[in-house]
Amino acid sequence: MKTSPPAAPVRFDPILLCAVLALVALGLVMTYSASAVLAQDKLGDSLYFLKRQLSAAGLGLVAMAVAMKLGWRKLARLAYPLLLIAIVLLIAVAIPGIGTTAGGARRWIRLPGFSLQPAEIAKFAWLVYLSYSLAKKREKVATFSIGFLPHLALCGILVLLCMLQPDFGSSVLLVFMLFVLLFAAGTKLSYLVGSVLLALPLAFVAIATSPYRMKRILAFLDPWAHRHDVGYQVAESLMSIGSGGITGLGLGDGRQKLFFLPEAHTDFIFSILGEELGLIGVGLLVVLYAIVLWRGIRAALAAGETFGTYLGLGISSIIAFQATVNMCVAMGLLPTKGLTLPFVSYGGTSLVVLMGSAGVLLSLSANTQGATRPVRTGTTDLREVTA
3 MKTSPPAAPV RFDPILLCAV LALVALGLVM TYSASAVLAQ DKLGDSLYFL
53 KRQLSAAGLG LVAMAVAMKL GWRKLARLAY PLLLIAIVLL IAVAIPGIGT
103 TAGGARRWIR LPGFSLQPAE IAKFAWLVYL SYSLAKKREK VATFSIGFLP
153 HLALCGILVL LCMLQPDFGS SVLLVFMLFV LLFAAGTKLS YLVGSVLLAL
203 PLAFVAIATS PYRMKRILAF LDPWAHRHDV GYQVAESLMS IGSGGITGLG
253 LGDGRQKLFF LPEAHTDFIF SILGEELGLI GVGLLVVLYA IVLWRGIRAA
303 LAAGETFGTY LGLGISSIIA FQATVNMCVA MGLLPTKGLT LPFVSYGGTS
353 LVVLMGSAGV LLSLSANTQG ATRPVRTGTT DLREVTA
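Add 2 to the 1-based position in the sequence shown for my numbering, that's all there is to it.
See the structure below:
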């Protein structure tokens, strides 16, 4: 009696996995370092933020493992449900009594034991839907009425819901995803350039009519001229990074986190990392992000199916774009956007969603993923995608 050979184990990209886990570990260390004094003073528990971030990291590991186990193809079936859930949550957070206001923005829904940030879920849901829709319409992506306009209109709805919070950073990221995947799918460049030119006046009005956004522009243009008001945060961030030098002041020995730099453990955690770990630590961080981008794009291009390729390119681009924007903001190279440093900044929803997204990338990297059925490189059969 013949016995069939045991199935080969699914192998995931170990370099990508190690880079993601290293970023998460670095984030946990820096979260504690940047928040311990604040947590002790305000909450009486120096471990408060670390414990919450550890819980999020634990949930993130579960999300990553589930994504790796299920595989990226299963997401095609969830494209519409995920987008619907994201829209419902974005509407819910805008309702007084459901959404919680902090720092002048209503971006969170308080639940027992944790807070949910719908915009983070919307980013992932939008990416999955966009990847699926563009793969499904691959023959007509170049047409204005089918390939471009519907996706632009839906993106406008999501952006409008984010701006109601307001959340300008997430809005920018949603638009960035749209343009990256439309470009990758083969949309006519004239459509993309034309829409940017038409959007510039709208962006100008959105900034000019918002006092807090105008303050951010002023702080960006000359933080030292506004050192004691709107440019305070950027100036403190520059002082923090500049004082780190080559080797840094030492882990835990940073000074700006001692009630000088606001949001030291969230949006400006990069500044504390630069202060305590110096240029060496910053260089290591950049290398880890570069590895994630490299291995992510490598996995996307090897997917063999259009849906997987778009999905991998989107996830890799989101991580790289968000990391670049956050670091540039901390160094005064861009106006403040409110985008966290992926895997490193404090924020439970962001960390769980990003680790789940990394699990999708890892499932793309598996050299035996989908081996039970043929994959035709360069083509996409939606019967295979949704099977």
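Where a beta carbon is used, it is the ideal one built from N, C-alpha and C, also for glycine.
Residue i to residue j, Cα distance in whole Å?
i: Val-346; j: Gly-247; result: 21 angstroms
i: Cys-20; j: Gly-280; result: 22 angstroms
i: Val-331; j: Glu-265; result: 13 angstroms
i: Ile-293; j: Pro-344; result: 14 angstroms
i: Ala-304; j: Leu-77; result: 18 angstroms
i: Ser-352; j: Asp-224; result: 31 angstroms
i: Gly-361; j: Ala-69; result: 5 angstroms
i: Arg-257; j: Ala-325; result: 24 angstroms
i: Arg-215; j: Ile-209; result: 5 angstroms
i: Leu-290; j: Ala-24; result: 8 angstroms
i: Ala-27; j: Leu-287; result: 12 angstroms
i: Gly-334; j: Ile-274; result: 15 angstroms
i: Trp-226; j: Phe-146; result: 46 angstroms
i: Leu-204; j: Val-198; result: 10 angstroms
i: Phe-206; j: Lys-339; result: 15 angstroms
i: Ala-302; j: Gln-42; result: 44 angstroms
i: Leu-151; j: Ala-186; result: 16 angstroms
i: Pro-213; j: Leu-220; result: 11 angstroms
i: Leu-160; j: Gly-252; result: 43 angstroms
i: Gly-62; j: Leu-356; result: 8 angstroms
i: Tyr-34; j: Leu-113; result: 24 angstroms
i: Phe-181; j: Val-95; result: 26 angstroms
i: Leu-191; j: Phe-14; result: 35 angstroms
i: Val-22; j: Val-64; result: 14 angstroms
i: Gln-311; j: Ala-237; result: Sequence inspection shows Thr at residue 311; the Gln mentioned does not correspond to that position. Cα to Cα, the separation comes out at about 41 angstroms.
i: Ile-17; j: Ile-97; result: 43 angstroms
i: Arg-54; j: Leu-45; result: 13 angstroms
i: Leu-260; j: Asp-231; result: 19 angstroms
i: Leu-158; j: Thr-211; result: The amino acid at residue 158 is misidentified as Leu; the sequence shows Gly. If I take the Cα positions, the gap works out to 19 angstroms.
Hey, would you say the C-beta of residue i is under 7 angstroms away from at least one heavy atom of the ligand SAH?
i: Tyr-34; result: Of the ligands one can find in the structure shown there are none, so the ligand SAH has no counterpart to examine.
Which residue from the options puts its Cα closest to that of residue i?
i: Leu-313; options: Trp-128, Gly-188 and Lys-259; result: Trp-128
i: Ser-57; options: Ala-292, Gly-283, Asn-328 and Gly-349; result: Gly-349
i: Phe-262; options: Ala-304, Ile-219 and Gln-235; result: Gln-235
i: Lys-138; options: Lys-125, Phe-126 and His-153; result: His-153
i: His-267; options: Ile-17, Phe-51 and Leu-364; result: Phe-51
i: Ile-271; options: Ile-243, Gly-306 and Phe-116; result: Ile-243
i: Asp-269; options: Phe-14, Gly-29, Leu-23 and Ile-17; result: Gly-29
i: Tyr-134; options: Val-161, Ala-96, Ile-111 and Tyr-82; result: Tyr-82
i: Leu-84; options: Val-130, Arg-300, Val-207 and Val-327; result: Val-130
i: Ala-368; options: Val-354, Arg-300, Met-329 and Lys-339; result: Arg-300
i: Leu-240; options: Met-329, Phe-14, Ile-100 and Phe-309; result: Met-329
i: Trp-296; options: Gly-306, Lys-44, Gln-42 and Ala-322; result: Ala-322
i: Leu-366; options: Gly-306, Thr-342 and Leu-202; result: Gly-306
i: Ser-173; options: Ser-192, Thr-311 and Ala-201; result: Ala-201
Throw me the rounded Cβ distance for the residue i and residue j pair, which I believe falls under 8 angstroms.
i: Cys-164; j: Leu-176; result: 7 angstroms
i: Met-179; j: Ile-320; result: 6 angstroms
i: Pro-337; j: Arg-229; result: In fact, because the Cβ distance is near 17 angstroms, the residues do not count as touching under 8 angstroms.
i: Thr-189; j: Gly-233; result: That belief does not hold up - the Cβ atoms of Thr-189 and Gly-233 are roughly 39 angstroms apart, past 8 angstroms.
i: Met-66; j: Gly-358; result: 6 angstroms
i: Gly-283; j: Gly-316; result: At roughly 29 angstroms, the Cβ-Cβ gap does not stay under 8 angstroms, so Gly-283 and Gly-316 are not in contact.
i: Glu-278; j: Gly-254; result: 7 angstroms
i: Ser-48; j: Ala-38; result: 4 angstroms
i: Leu-194; j: Gly-298; result: With 8 angstroms as the limit, Leu-194 and Gly-298 do not qualify as a contact, their Cβ atoms being about 23 angstroms apart.
i: Leu-136; j: Val-143; result: 6 angstroms
i: Ile-111; j: Gly-101; result: 6 angstroms
i: Thr-308; j: Arg-140; result: 6 angstroms
i: Val-327; j: Leu-341; result: 5 angstroms
Quick one: grab the DSSP three-state call for residue i.
i: Ser-245; result: coil
i: Gly-101; result: strand
i: Ser-1; result: No information on residue 1 is available, as it lies outside the stretch 3 to 389 that the chain covers here.
i: Ser-48; result: coil
i: Ser-197; result: helix
i: Trp-226; result: coil
i: Arg-257; result: coil
i: Phe-206; result: helix
i: Leu-118; result: strand
i: Leu-113; result: strand
i: Arg-108; result: strand
i: Glu-141; result: helix
i: Glu-278; result: helix
i: Asp-43; result: helix
i: Pro-83; result: helix
i: Thr-268; result: coil
i: Met-329; result: helix
Is the stretch 165-175 touching the stretch 98-116, taking contact as three or more C-beta pairs under 8 angstroms? Contact between the stretch 165-175 and the stretch 98-116 is present, because at least three Cβ pairs lie under 8 angstroms.
Can you confirm whether the stretch 44-63 touches the stretch 72-81 when touching is taken to mean that 3 or more C-beta pairs between the two stretches lie within less than 8 angstroms? No: fewer than three Cβ pairs fall under 8 angstroms.
Segment contact, 8 angstroms Cβ cut-off, at least three pairs: the stretch 113-128 with the stretch 89-98: The count of Cβ pairs closer than 8 angstroms, one atom from the stretch 113-128 and one from the stretch 89-98, reaches three, so the stretches are in contact.
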